[in-house]
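Everything below concerns the one structure shown next.
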Amino acid sequence: MSKNVIAVVVLIVIVGVVIGIYIYYTQPKPPAVISIGSVRVPTHLDPVKTTGADEFNLEFNIYDYLVEWEPETLNVVPGLATSWETSENGTVWTFYLRQGVKFHDGTSFNASAAKFNIDRYIEKGAFRSGLKYITNVIVVDDYTLKIYLSHPHPLLLRHLSIFIGMVSPTLIEVYGEDYIDTHPAGTGPYKVIEYVEDDRIVLEANKDYWDTPPKNSKIVLKKYADSASLKAAFEAGEIDIIWSARGDLFPTDVEDLRKKGYNIIESESNMIRYIVFNEAQYPFNDTRVRKAIAYAVNRTKIVNVVFSGQASELYTLVAKGIWGHLDTFPHRNLTEAISLLNDAGHNTAQKLEITLYYSSSYYGTAEEYVAQVIKEDLEETGLISVTLQNVEKATFREQYKAGQYGMWLLGWFPPIPDPNSYLYYFMNPIMANAIFSSHYNNTEADSLLSQALSTYNQTLRQELYEQLQQILAEDVPYIPLWQLKQFFITTDKISGIQVSPIAYFYFHTIEKK
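The working numbering numbers the first residue of the sequence shown as -11 and each following residue consecutively.
Shown next, in the form of C-alpha cells:
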C-alpha cells in the first residue's frame, strides 16, 4: 500500500473520530437516572392518607396543586390555577384553571376534577378537620371553580397548596380508593413506576408535563437501615445523593464525608424535636412536675454533644425562621427544677420515678444519645430517676397513640410555613389528643386559635400566636428541645439541588454529569 493511500486512510479515520466526538458532545443526551438515599421512604402516596413529611415531599413531585409555593421564597404562586380572586367579605374564592393539562393516565384536568379532589379530601383527608371552613365547591364551567367559606380563613391558599394534590378521578373510579396509595396518577413532573413497600420507590419523568420538564429521566428513592449503611452505600457509589433532613445521618458521619471532600449543602430546616407529656397519666398530670423537667433539660448539651452543633436550641414550639416565633420556655435552671419537685412532694428519699420512651429505628441513631443526655440532665437534680425505653418504630407509634406512655420524644415537620401549623396541632384539644395523645385542653388557647384563623390581619394573628406560645410555656404539655438542620451530600457529578427553608426536596432540577 502506497504512502499516499495510507495517509488518506489515516485522515479518514481521524475525521471519523473527530465527527464522532463532535456528535457525542453536541447531541442531546438522555437525562440521567439519579438515586437518593435516606433511612426511610414514604408509606402513603394518596394525598388523603398523608400525614408525614416524607409523604408530603414525594407528593410534591408527582402531584400538582391549584396553587403552589416557590421553594426559596415560600410565596404562593399559580399552579393548576392560573389566577384567583376573592369576594369583598373574603368568603368566596374564584379560581381560573389551567387548560390542556392531563393526568398521568390520560384523563384531562378540569374544574370537575378539581372539585372531586377537594370534596374527597374534606370527606376523607387526614387533616380534614382543619378544612371544615370550606362549605361548598361549585363548578362554574370547565375551567372555573368557586370555593365557599364559612368565614374568612387566612390559610386557604396554603391548604390548597399542600393537602389537596390532584389525583385522576378516573383512576379511583376504575380501580378504587386503595389502588392509588401505591399506583398514583397525578399531573406532576414524575410518574410512579415502581413501589416496593419500605424499600424503594422509582419515579419516571413525565414527558408530557405541562411545565418545565425534569432534568433527569428517573429518580430512585432507596431506604437504608441506619446512618452507617446509608453512608457506606453512598461511598460505594450505590446512591448519588444522601438527603438528611430528619437526622438520617449521624453527625460524625456528616463530618467524615465533609473531610473526604464530598459536597455538603447545609441549610436550616423547620423540623422541631420535643418531649410530649400525657397529662392524663401520673405524675405528668401535675404541672409542677412538667415544669421541673422543663427547667432540668439541657438543650445546649444536646446540640453540642450529640449533634456537634448541627442543630439549634429551641425554646418554643414554633420553629426559628417562621414568622411569629417567640422564645417563651426557660433556659436550664436546676435550682428552680429542684424547688418545683420539692413542692410536688419529691425528695431524695422519695424520688420521682419516670420512663422516657423513644424510637431510634424511627428517628435515627442519635436518638438514643439524646435520651441518655436527658436522663443525665434530669437525674442531676438528685430527685428524679429515669428509665429509658427504646421502642421499634411501628410499635412506638401504636403505643403512644393509644396513650400508653407518659413521656416520650417526638418530632414535628409542619406541612405549612405558618405558626398555625405548629400551634393548632399541639394546642387544639381534638388535634392534640388525636395526634399526640397529650390530653392537653385549654379553652382559652382554643379560643385564641379560632380567632387567629378567622382574620386576614397578619399583625393580629402574630399577637395571638405570641400569646399562645406564652400559654404553652406556662402549661408545659410539651417541651421544645432542638431544631434540625438539613444536609444534602453529593458527589461532584450532581448539580441543581434546590434548597428550601422548609425542608422539601424538589427533584426536577437535579442534574447528573
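Just so you know, even glycine gets a beta-carbon here, dropped at the ideal spot from N, CA and C.
This structure is a prediction, so every number in the text was calculated from the model and none was measured.
CA-to-CA, the gap between I110 and P407 works out to about 22 Å. The C-beta of Y444 has fewer than 16 other C-beta atoms within 10 Å across all chains shown, which makes the residue exposed.
Within its own chain, the residues whose Cβ lies closer than 7 Å to the Cβ of V293, once the five positions on either side in sequence are excluded, are V361, listed in chain order. Every beta strand (DSSP E) stretch that sits fully inside the region 132 to 194 and reaches 3 residues is listed by chain position as 132 to 137, 178 to 184, 188 to 193.
By the 16-neighbour rule on beta-carbons within 10 angstroms, L469 is buried. Cβ contact annotation for P201 (same chain, cutoff 8 Å, sequence separation greater than five): P177, A193, N194, K195, H496, in chain order. S488 and P59 have their C-alpha atoms some 5 Å from each other.
Non-local C-beta neighbours of D365 in its own chain, meaning closer than 6 Å and more than five positions away in sequence, comprise A284, V285, N286, ordered along the chain. In this structure, N266 lies near S425, with their beta-carbon atoms less than 8 Å apart. When DSSP states are grouped into helix, strand and coil, S426 belongs to the coil group. W470 is bridged by DSSP to R261, E301. The shortest CA-to-CA distance from H141 to any of A213, S438, E47, T132 is the one to S438.
Beyond the five residues adjoining it in sequence on each side, L452 comes within less than 6 Å, by CB distance, of L436, Q439, A440 in the same chain, given in chain order.
Here DSSP, grouped into helix, strand and coil, assigns Y283 to helix. Three or more pairs of CB atoms, one per stretch, sit closer than 8 Å, so the region 148 to 155 contacts the region 33 to 47. Assigned with DSSP and collapsed to three states, Y388 falls in helix. Put simply, the backbone Cα of A307 is about 12 Å away from that of G399. The bridge partners DSSP lists for W57 are V64.
G118 has no beta-bridge partner at all, per DSSP. Close CB contacts of G297 within its chain, under the 7 Å cut and outside five residues either way in sequence, are with V291 (chain order). For the pair of segments examined, the region 168 to 175 was found to touch the region 49 to 64: the number of CB pairs separated by less than 8 Å reaches three. Minimum Cα-Cα distance from N77 among the listed residues Y136, V21, Q87 corresponds to Y136. Each residue's CA atom was taken as its position, placing V125 and L68 some 16 Å apart. When secondary structure is reduced to three states using DSSP, F91 falls in the coil class, being assigned neither helix nor strand. For N49, the enclosing alpha helix (DSSP H) covers residues 41 to 50. Around the beta carbon of Q474, 16 or more other beta carbons sit within 10 angstroms, so the residue counts as buried. Boundaries of the beta strand (DSSP E) around N378: 372 to 378. Exposed is the label assigned to A390, since fewer than 16 other Cβ atoms lie within 10 Å of its Cβ. The C-alpha of I160 is placed about 11 Å away from the C-alpha of N105. Nearest C-alpha to G25 among T288, E454, I229, I310: I229. Taking 8 Å as the cut-off, the beta carbon of A99 is found no closer than this to the beta carbon of V64.
Assigned with DSSP and collapsed to three states, D129 falls in strand.
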